[in-house]
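Below: one structure, written as structure tokens.
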Amino acid sequence: MEENKILPGSDSVDAFAEELDKIKDALPSKIDANPDKVEKGLAKLVLTLVELIRKLLEKQAMRRIEGESLTDEEIERVGETLMKLENKMEELKGVFGIKDKDLNINLGPLGDLM
Amino acid sequence: MSKCIYAVLDYNKKSALDLKGLDGTGIYSLPYKGISAAVSDMKRDRLKVDNETAAGYARIVEGLMEMHTVLPLRFGTLVKDDSEVAGVLEKYYERFVNNLKLVKGKLEYGLKALLDAEKTTALNEAEDRAGFEQLKGNSPYKKYLIEKLKEHKAGQALIKKADGIIEGVHRPLKELSFLSKFRKMATERIILDAVYLVEAEKKDIFIERFKEIKKKYRDVEFLFTGPWPPYNFIESSNIKKEQN
Numbered sequence: 229m230e231e232n233k234i235l236p237g238s239d240s241v242d243a244f245a246e247e248l249d250k251i252k253d254a255l256p257s258k259i260d261a262n263p264d265k266v267e268k269g270l271a272k273l274v275l276t277l278v279e280l281i282r283k284l285l286e287k288q289a290m291r292r293i294e295g296e297s298l299t300d301e302e303i304e305r306v307g308e309t310l311m312k313l314e315n316k317m318e319e320l321k322g323v324f325g326i327k328d329k330d331l332n333i334n335l336g337p338l339g340d341l342m
Numbered sequence: 003m004s005k006c007i008y009a010v011l012d013y014n015k016k017s018a019l020d021l022k023g024l025d026g027t028g029i030y031s032l033p034y035k036g037i038s039a040a041v042s043d044m045k046r047d048r049l050k051v052d053n054e055t056a057a058g059y060a061r062i063v064e065g066l067m068e069m070h071t072v073l074p075l076r077f078g079t080l081v082k083d084d085s086e087v088a089g090v091l092e093k094y095y096e097r098f099v100n101n102l103k104l105v106k107g108k109l110e111y112g113l114k115a116l117l118d119a120e121k122t123t124a125l126n127e128a129e130d131r132a133g134f135e136q137l138k139g140n141s142p143y144k145k146y147l148i149e150k151l152k153e154h155k156a157g158q159a160l161i162k163k164a165d166g167i168i169e170g171v172h173r174p175l176k177e178l179s180f181l182s183k184f185r186k187m188a189t190e191r192i193i194l195d196a197v198y199l200v201e202a203e204k205k206d207i208f209i210e211r212f213k214e215i216k217k218k219y220r221d222v223e224f225l226f227t228g229p230w231p232p233y234n235f236i237e238s239s240n241i242k243k244e245q246n
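Residue numbers (the numbering used here), protein chains in the order written: chain B, 229 to 342; chain L, 3 to 246.
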């Protein structure tokens, strides 16, 4: 960005550049359906949806824990399920060479899915 | 030789504009019923799609903005010849005229607010201990859930902070703007990403207001930029896609 566009009162641009760099590669999120990469393209789509569901489950579990509405046994089961699900996701991401930042879908004017 | 269209202008003459195009040739205006397109010659295979060329395109549009009210077109809008340029102006005439009226005499400014996530987490942990009592014990699953609960609370604290920024920073700037848009939590740390369309005569008040507001938020970093061409407030930048 040209310096003359940064107005007085702004802080260092470095932290913003670093943060925006993190999402740069995720922005053109499309299903890569060329013949050589169709498997990875579809895996990315499926894993993105699984990750979305996993995060929703996690959020719901946190709300229940904060509301103290789970028994000790239920907490153990929830913890085990979420932990195994996260580990399985890590394993599948490794198999298909997918990174965390790849797990997103751009919904146009609505922004990114996650 | 194709024609690269950079922007539509509120200008009614065919004349050379004092700017060079992406290919190094002069930019000129092609008029149609009171508006015109700013174009230059461009060989189709010379148009590179990379950051440097996109930045060059943006600088050209900013140069045009110094001379006229502009509606920037999508980067890489190429058509066959002058008659096709006229065709674009004719086809989208009403949309162009309406958008030019909307942005005439106005400037776009951008504001991003970034928060150090660690500070928010520490703040939140001190305030909110709900749920942790249940997770006491040596079970690996409970230890896992403790970490998840900390992350969850940090996320909630960021959202709470973002809501405060929207109320305390965005709202007063919005009130001074003709139009504005914002996104909350654009990334994990950029908690506000806003754009404002400001009437030129109010720009000094707008900039001063930001400086005053900023003093109240010492734990937040801001990036305040502009003036920009009105990229975020027009609906005419994607004619290339529609043409195809």
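Don't be surprised by glycine CBs; every beta carbon is placed ideally from N, CA and C.
Note that this is a predicted model, so its numbers are computed, not measured.
{"query": "Going by other Cβ atoms of all chains shown within 10 Å of its Cβ, with 16 needed for buried, is B:Leu275 buried or exposed?", "result": "buried"}
{"query": "So, is L:Gln247 buried or exposed, given that buried needs 16 or more other C-beta atoms within 10 angstroms?", "result": "Shown here, chain L extends from 3 to 246; a query on residue 247 of chain L therefore has no answer."}
{"query": "With a cut-off of 9 Å, does the C-beta of B:Met290 fall near any C-beta of chain L?", "result": "yes"}
{"query": "For L:Thr27, which option in L:Pro33, L:Glu169 and L:Ala40 has the closest C-alpha, if you only look at C-alpha atoms?", "result": "L:Ala40"}
{"query": "For B:Met311, return the contacting residues in chain L, with the cut-off set at a CB-CB distance below 7 Å.", "result": "Tyr143 and Tyr146"}
{"query": "According to DSSP, what are the bridge partners of L:Glu195?", "result": "In the sequence under discussion, the amino acid at residue 195 of chain L is Asp, which differs from the Glu named in the question. Bridge partners of L:Asp195: L:Lys114 and L:Arg185."}
{"query": "Which residues bound the beta strand (DSSP E) around B:Thr309?", "result": "Premise fails: B:Thr309 lies in the alpha helix (DSSP H), Asp300 to Phe324, not in any beta strand (DSSP E)."}
{"query": "I need the straight-line Cα distance from L:Met67 to B:Leu331, nearest angstrom please.", "result": "38 Å"}
{"query": "Using a Cβ-Cβ distance cut-off of 9 Å, determine whether B:Ala271 contacts chain L.", "result": "no"}
{"query": "Mind checking the segment 198 to 227 of chain L against chain B and listing, in chain order, the residues whose C-beta falls within less than 8 Å of any C-beta there?", "result": "Ile209, Phe212, Lys213, Lys216, Glu223, Phe224, Leu225, Phe226 and Thr227"}
{"query": "Tell me the residue span of the alpha helix (DSSP H) that contains L:Phe98.", "result": "Tyr95 to Val105"}
{"query": "So, does the CB of B:Leu298 fall closer than 9 Å to a CB anywhere in chain L?", "result": "yes"}
{"query": "Using a threshold of 9 Å, state whether the C-beta atoms of L:Leu113 and L:Val171 are closer than that.", "result": "yes"}
{"query": "When DSSP labels each residue in this structure, what does L:Pro33 get in the three-state scheme?", "result": "strand"}
{"query": "Within a Cβ cutoff of 6 Å, which residues of the same chain sit near L:Lys144, ignoring the five residues on either side of it in sequence?", "result": "Leu137"}
{"query": "Against chain B, with Cβ distances strictly below 9 Å, would L:Ala159 count as a contact?", "result": "no"}
{"query": "Count the C-beta pairs between the segment 82 to 95 of chain L and the segment 162 to 178 of chain L that are closer than 8 Å, then say yes if the count reaches three, no if not.", "result": "no"}
{"query": "Could you name the residues of the segment 57 to 79 of chain L whose beta carbon sits closer than 7 Å to any beta carbon of chain B, in the order they occur along the chain?", "result": "none"}
{"query": "Thinking just about the alpha-carbon of each residue, which of L:Lys216, L:Lys217, L:Asp206 and L:Lys176 is nearest to the one in L:Val197?", "result": "L:Lys176"}
{"query": "Could you please give the first and the last residue of the uninterrupted beta strand (DSSP E) stretch that includes L:Lys22?", "result": "Ala18 to Lys22"}
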